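Notes follow once the structure below has been shown.
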Amino acid sequence: MNPRLRWLGVLWAVGSALALPLVGVARGQPGEVTLAYVWQNTVTLADSAGQPLEQTGPTFTYGQGARLFWTADGRLLYIARDDGLYATGATGGAAVQVPGFYGRTLTLAQDGQTLYYLETVSPQQAGEQFPDRVSFPFRDLDFSAAAGGTGRLTGYFGRFQAGAAQAAVTFAAALYVRDGGLLGPGRPNLWPTYGSNVFGTCCFPDPGLALYSIGTGEFTVYDADFLPGAATTNAARTHLAGPTVNSVLRVIDLITGGVRDYEIAIAGGLGVIERVAWSPDNAFLYFIARYAPTTPLALDREPTFSVDLRSADIVLYRLNLVTGVIRELARRPDVYGVSSLAATERYVFAVVVDPNTLLVNDLNARRVWPGAQPTDPEMRVYMPATHLWRVPVEGGAGEDIAEDVWGLAARSVR
82 MNPRLRWLGV
92 LWAVGSALAL
102 PLVGVARGQP
112 GEVTLAYVWQ
122 NTVTLADSAG
132 QPLEQTGPTF
142 TYGQGARLFW
152 TADGRLLYIA
162 RDDGLYATGA
172 TGGAAVQVPG
182 FYGRTLTLAQ
192 DGQTLYYLET
202 VSPQQAGEQF
212 PDRVSFPFRD
222 LDFSAAAGGT
232 GRLTGYFGRF
242 QAGAAQAAVT
252 FAAALYVRDG
262 GLLGPGRPNL
272 WPTYGSNVFG
282 TCCFPDPGLA
292 LYSIGTGEFT
302 VYDADFLPGA
312 ATTNAARTHL
322 AGPTVNSVLR
332 VIDLITGGVR
342 DYEIAIAGGL
352 GVIERVAWSP
362 DNAFLYFIAR
372 YAPTTPLALD
382 REPTFSVDLR
392 SADIVLYRLN
402 LVTGVIRELA
412 RRPDVYGVSS
422 LAATERYVFA
432 VVVDPNTLLV
442 NDLNARRVWP
452 GAQPTDPEMR
462 VYMPATHLWR
472 VPVEGGAGED
482 IAEDVWGLAA
492 RSVR
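When you read off a place in the sequence shown, starting at 1, and then add 81, the result is the number in the working numbering.
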């Protein structure tokens, strides 16, 4: 049977499973909290203009990353880190750690009672036809009591490149990976449907969307052209949208299984779509496309360590999902990448990571001592900046409203 016809899945909600203490600083009403992000190494709740309202924690140190996501009803914010899962509420309050350890490739069922996650330990070969690929244990866990423990093994998921769970990155790439994964393929994701199947990253770091049956453990490649690293669901978790390898934005209905394609025709050609975000009313998709940089980076000699020279000019577009009309909203030259993207009713927000310009310039000018390594404390001066770039939804001049920000997540406000 065609895997497109085999449906079912599950996703988020959790609600009353956690009793959260409401302590902290200036707390806003639930309707005021529209965004979450990590600012100054602390999880922060913000309003629709991106202005911080309260820092709930947890805090982060260098090298730590996380996946931030709201429940579909907008009541709870989860922060998935390698050392544990944390939760806070839309009304604020210090984040509390949920019992158990689940990693960052996880999601909640639509009923909010079941947690799905991939273990990054104990991989196995992904079949005789794929000797250089591995699959990871896929587990489900009754999450209603938040009691922790190890989930039930349902089978093995993925055809991932061996070693995909580890990444040695430095400077700009080390900032990007915290929420965006690797520049290009992103990071593995899971997206449940309204039934007993789950969508997810098929073949990391290569393209491909997988469909996995919780009941049978069957893993199939659902869409070989889909680019899951840039994809995202809407706030209600009813639709999944992402680009394909042939300049199409594909929207998948997670309830009915219907698919609609939007061909993206841009004068001069479309760049590589890096990030996608939904408008709160589901009427628009915003997306970032990468183009050749205005000022490319280049080294005049081979350094003693690997240096990521990638950069791009980026353009923010808006796609009307009813009419199919595409509108350019803003441009920005010479960035390393956009590690996360989110939208409110008034603005589109992007976490912009600067390229390794200072490092490259100093290497070319012989201002970096011979034998230096990225891990040397003295090399921290070459860590680029990250910016919270805010653009009005109707277009116009964007502006940086904060520095040292990452991990954007938009909340459903009803």
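Built from N, CA and C at the ideal position, the CB exists for glycine as well. Quick caveat, the model's predicted, so the values are computed rather than measured.
Start and end residues, alpha helix (DSSP H) containing residue i
i	result
residue 257	253-261
Residue range of the beta strand (DSSP E) that includes residue i
i	result
residue 440	Not the beta strand (DSSP E): residue 440 falls in the alpha helix (DSSP H), residues 438-445.
residue 391	It is not in any beta strand (DSSP E) - residue 391 carries neither H nor E in the DSSP assignment.
residue 346	Here residue 346 belongs to no beta strand (DSSP E), and DSSP marks it neither H nor E.
residue 294	290-294
residue 372	365-372
residue 158	157-162
residue 407	407-416
residue 150	148-151
residue 247	No beta strand (DSSP E) holds residue 247; DSSP gives it neither H nor E.
residue 358	353-359
residue 430	428-434
Which of helix, strand or coil DSSP assigns to residue i
i	result
residue 200	coil
residue 143	coil
residue 324	strand
residue 463	helix
residue 479	coil
residue 218	strand
residue 452	coil
residue 309	helix
residue 113	helix
residue 473	strand
Of the listed residues the options, nearest to residue i (C-alpha basis)
i	options	result
residue 236	368, 247, 299, 141	299
residue 329	339, 313, 306	306
residue 335	393, 271, 377	271
residue 358	489, 485, 153	489
residue 356	424, 384, 363, 244	424
residue 323	350, 294, 267, 337	267
residue 118	392, 293, 421, 390	421
residue 437	242, 410, 393	393
residue 196	219, 223, 416	223
residue 308	319, 157, 327, 172	327
residue 273	244, 462, 302, 320	320
residue 121	113, 142, 129	142
Rounded C-alpha distance that separates residue i from residue j
i	j	result
residue 414	residue 397	12 Å
residue 103	residue 475	With a pLDDT of 26 at residue 103, under the threshold of 50, the predicted position of this residue should be treated as unreliable, and no value is reported.
residue 470	residue 486	10 Å
residue 345	residue 457	45 Å
residue 407	residue 365	10 Å
residue 294	residue 302	12 Å
residue 248	residue 419	18 Å
Contact check, residue i vs residue j, beta carbons under 7 Å
i	j	result
residue 162	residue 147	yes
residue 132	residue 125	no
residue 242	residue 269	no
residue 198	residue 220	yes
residue 253	residue 428	no
residue 276	residue 283	no
residue 238	residue 217	yes
residue 439	residue 463	yes
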